[in-house]
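A.B. asks:
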Amino acid sequence: HRGPDDFGIYSDEKVAIGNQRLSIIDIEGGHQPFESTNKNIVVVQNGEIFNHVELREFLQKKNINFSTNCDTEVILKMYELYGLECFKYFNGMFSIAIYDKNESKLLLIRDRLGIKPLYYIIQNNTIIFGSEIKSILKANIEKPKVSEESIFYYLKYNFVPPPYTIYNNIYHLNPGSYIEFTKEKQKIQQWWDLSKINLNKTKKER
Numbered sequence: 012h013r014g015p016d017d018f019g020i021y022s023d024e025k026v027a028i029g030n031q032r033l034s035i036i037d038i039e040g041g042h043q044p045f046e047s048t049n050k051n052i053v054v055v056q057n058g059e060i061f062n063h064v065e066l067r068e069f070l071q072k073k074n075i076n077f078s079t080n081c082d083t084e085v086i087l088k089m090y091e092l093y094g095l096e097c098f099k100y101f102n103g104m105f106s107i108a109i110y111d112k113n114e115s116k117l118l119l120i121r122d123r124l125g126i127k128p129l130y131y132i133i134q135n136n137t138i139i140f141g142s143e144i145k146s147i148l149k150a151n152i153e154k155p156k157v158s159e160e161s162i163f164y165y166l167k168y169n170f171v172p173p174p175y176t177i178y179n180n181i182y183h184l185n186p187g188s189y190i191e192f193t194k195e196k197q198k199i200q201q202w203w204d205l206s207k208i209n210l211n212k213t214k215k216e217r
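If you're matching positions, the sequence shown starts at 12 in the numbering used here and goes up one per residue.
1) Report back the beta-carbon spacing between proline 155 and tyrosine 178 to the nearest angstrom; my notes put them in contact at under 8 Å.
2) Grab the span of the beta strand (DSSP E) containing leucine 166 for me, first residue to last.
3) For serine 78 and lysine 127, I'd like the C-alpha separation in whole angstroms.
4) Let's see if you can read the secondary structure: which residues bound the alpha helix (DSSP H) around histidine 42?
5) Distance check for lysine 88 and isoleucine 75, CA to CA, integer angstroms please.
6) Determine the burial state of valine 64: buried for a count of at least 16 other Cβ atoms within 10 Å of its Cβ, exposed for fewer.
7) Name the residue from Gln71, Ile139 and Ile162 whose alpha carbon lies nearest to the alpha carbon of isoleucine 190.
8) Under the three-state reduction of DSSP, which class applies to glutamate 191: helix, strand or coil?
9) From which residue to which residue does the alpha helix (DSSP H) around isoleucine 144 run?
10) Can you list, in chain order, the residues of its chain whose CB lies under 7 Å from that of serine 161, leaving out five sequence neighbours each side?
11) Rounded to the nearest angstrom, what separates asparagine 102 and asparagine 135 at their Cα positions?
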């Protein structure tokens with residue numbers, strides 16, 4: 012129900028990634044999941060990269076070609092060029108999943124302020140993620156129990172703060188963070204932190 016305009020699925024022997032799309036940018040060419048030219052990188056996103064036009068022009072000056080006008084392709088091309096550093100260039104609201112076959116890893120990324128949600132569960136060596144908890148509960152998993160700790164948070168704050176959710180073992184990725192899954196490990200990293208921003212310097216630059 013997130014969007015009535017388009018639906019797509021990518022799958023191989025290890026991964027299945029789906030996207031239900033509300034088409035806003037490049038209605039015809041913005042189909043997701045979006046694959047790289049060599050088919051080794053797959054990207055889906057929920058949200059919008061506001062500065063995708065500027066980033067596209069920046070990449071074109073580096074002789075990087077595009078086949079669409081969608082911001083998802085900009086995400087992919089930036090990742091190909093800068094790897095994990097690419098998130099710092101994005102101005103927008105987004106939750107992104109990148110499946111990198113070259114590195115045999117899955118990346119889940121959330122925007123700076125957590126405007127777009129991103130939930131996940133790890134169960135029986137399987138990672139299931141989505142923009143809503145409802146989609147995770149629809150998967151073929153053992154239904155998690157309600158978290159007593161989260162009930163406490165809800166009664167105290169009137170919401171459940173990330174990384175917790177109302178269920179045990181289903182987590183909400185923190186704003187400004189990404190999680191990297193490989194065969195050997197999982198790593199959560201904060202890629203943006205408001206407390207480290209020099210606001211005085213920012214004012215002078217303006």
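Even for Gly, the Cβ is constructed at its ideal location relative to N, Cα and C.
C.D. replies: To lay it out plainly:
1) Position 144 of the sequence shown holds residue 155. Position 167 of the sequence shown holds residue 178. Yes, proline 155 and tyrosine 178 are in contact; Cβ-Cβ is about 4 Å, under 8 Å.
2) Numbered from its first residue, the sequence shown carries residue 166 at position 155. Element bounds for leucine 166: not the beta strand (DSSP E) but the alpha helix (DSSP H), 159-168.
3) In the sequence shown, counting from the first residue as 1, residue 78 sits at position 67. In the sequence shown, counting from the first residue as 1, residue 127 sits at position 116. One C-alpha to the other measures close to 26 Å.
4) Numbered from its first residue, the sequence shown carries residue 42 at position 31. Note, histidine 42: premise wrong, no alpha helix (DSSP H); not H, not E.
5) For this step, residue 75 is matched to residue 64 along the sequence shown. For this step, residue 88 is matched to residue 77 along the sequence shown. So the alpha carbons of these two residues sit roughly 8 Å apart.
6) As a position in the sequence shown, residue 64 is number 53, starting the count at 1. Flag for valine 64 reads exposed.
7) In the sequence shown, residue 190 corresponds to position 179, counting from 1. When each option's Cα is compared against that of isoleucine 190, the closest is Ile139.
8) One-based indexing of the sequence shown puts residue 191 at position 180. Of the three classes helix, strand and coil, the one that applies to glutamate 191 here is strand, per DSSP.
9) By one-based count along the sequence shown, residue 144 stands at place 133. Unbroken alpha helix (DSSP H) run through isoleucine 144: 144-148.
10) The residue labelled residue 161 in the question sits at position 150 within the sequence shown. Taken in chain order, the residues that qualify are Val171, Tyr175, Thr176 and Ile177.
11) The sequence position of residue 102 within the sequence shown is 91, counting from 1. The sequence position of residue 135 within the sequence shown is 124, counting from 1. So the alpha carbons of these two residues sit roughly 36 Å apart.
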